[in-house]
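In this note's numbering, the protein residues as written are 3 to 367. Even for Gly, the Cβ is constructed at its ideal location relative to N, Cα and C. None of these values were measured; they are calculated from a predicted model. Structure record follows, encoded as structure tokens.
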């Protein structure tokens, strides 16, 4: 089976996640994994019969995107004799004659079109056409199925965000060394924020301040960047924060260390001013962590009974929830157990297998 995967450099979390599932399963099945090169003739690229070929596009211009999907991409697919194509940008083309899969990323449900970039607007504009012409539509949420065209219902397949195997639940004795390395042997909340999201960071600090004023405990807060490193504006805010000695900005560490830090936390604080970080929520579930979050339908689907939710999106309400969880050990234990149970619904192996089977059943080679 030859699988072509089309991705844009800025196509977002869900695109990268589906990419990782295909990549992981392809490696398990000893598939050749290649990146298409426009500068090398197809005869010299030596594509195996069982291969995944990644095709990257960089343009966000409507004019160029139209040309790419009507001319360039269909031409490449013919040259490599692909049997099925997965478009991680949520776009199909009438000029592509093989089965087309599309990933319906969270931005396709965004009602504020002003916040979409070029390729997202292009995908949104062509959404109904893509739903009609796609072989299958991949969704991060079962509940979101009702938000799409009913004509496409039979094509919709939920492939939720799931955590890599490196993330796991720790027993108390496994947490001791991690706490010593990263939190001076103290308990801590953990949170992951967008690298430049100053507003979320300020709200997080305000909520933690309320907690610290209520309980002058040794509890700490560890903040990790979603991608690489936290913005200078965030670090500047941290330097002037009253309880800065108890708030640690943790950057530049490998995935295994990130996994250890999250697994050893007391609870996960999910806070964002934009779309929910659903991948990191699946990580929290796999680590059996209680989650504290503002109310959000996507968050509730992923966290279910393992979360405490604030109705009001303000620091005071968030701080009250931190206090509530810290005061009630039985509640904390119940949420941990609920997270452990919820993680069974978010199996990466199951999602890899489901997606691969869909591709195999549609293969046109």
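**Asked** Okay, do the region 272-286 and the region 157-172 touch, 3+ Cβ pairs below 8 Å being the bar?
**Response** yes
**Request:** Taking residue 261 as the reference, give the member of 238, 324, 194, 300 with the closest Cα.
**Result:** 194
**Item:** Integer-rounded CB distance, given that residue 178 should sit under 8 Å from residue 263
**Value:** Going by Cβ atoms, the distance from residue 263 to residue 178 rounds to 13 Å, so no, they are not a contact pair.
**Request:** Examine chain C for any beta-carbon lying closer than 8 Å to the beta-carbon of residue 103, and answer yes or no.
**Result:** Considering every chain present, this structure includes no chain C. It has just one protein chain.
**Message:** Measuring alpha carbon to alpha carbon, tell me which residue in 101, 18, 293 is nearest residue 229.
**Reply:** 18
**Message:** Does residue 175 pass the burial test, meaning 16 or more other C-beta atoms within 10 Å, or should it be called exposed?
**Reply:** exposed
**Prompt:** Just checking, does the region 232-245 make contact with the region 182-199 on the three C-beta pairs under 8 Å criterion?
**Reply:** Yes: at least three Cβ pairs fall under 8 Å.
**Asked** The alpha helix (DSSP H) spanning residue 326 covers which residue range?
**Response** The continuous alpha helix (DSSP H) containing residue 326 extends over residues 317-329.
**Prompt:** Of the residues 225, 44, 248, 189, which one's Cα is nearest the Cα of residue 215?
**Reply:** 248
**Asked** Is residue 301 buried or exposed, if buried means 16 or more other CB atoms sit within 10 Å of its CB?
**Response** buried
**Asked** Considering only residues of the same chain and omitting the five flanking positions on each side of residue 88, which have a CB-CB separation below 6 Å?
**Response** Leaving aside the five residues that flank residue 88 on each side, the residues in its chain whose CB is nearer than 6 Å to its CB run, in chain order, 7, 103.
**Message:** I need the straight-line Cα distance from residue 155 to residue 147, nearest angstrom please.
**Reply:** Rounded to whole angstroms, residue 155 to residue 147 spans 7 Å at the Cα level.
**Request:** Go ahead and label residue 69 buried or exposed: buried means 16 or more other beta carbons lie within 10 angstroms of its beta carbon, across all protein chains shown.
**Result:** exposed
**Item:** Straight-line Cα distance separating residue 357 from residue 49
**Value:** 22 Å
**Prompt:** Can you tell me whether DSSP reads residue 98 as helix, strand or coil?
**Reply:** coil
**Prompt:** Mapping DSSP to helix, strand and coil, what is residue 204?
**Reply:** helix
**Message:** Going by the DSSP bridge assignment, what does residue 108 pair with across the sheet?
**Reply:** Residue 108 is not bridged to any residue.
**Complete runs of the beta strand (DSSP E) confined to the region 244-278 [at least 3 residues]** = 249-251, 269-272
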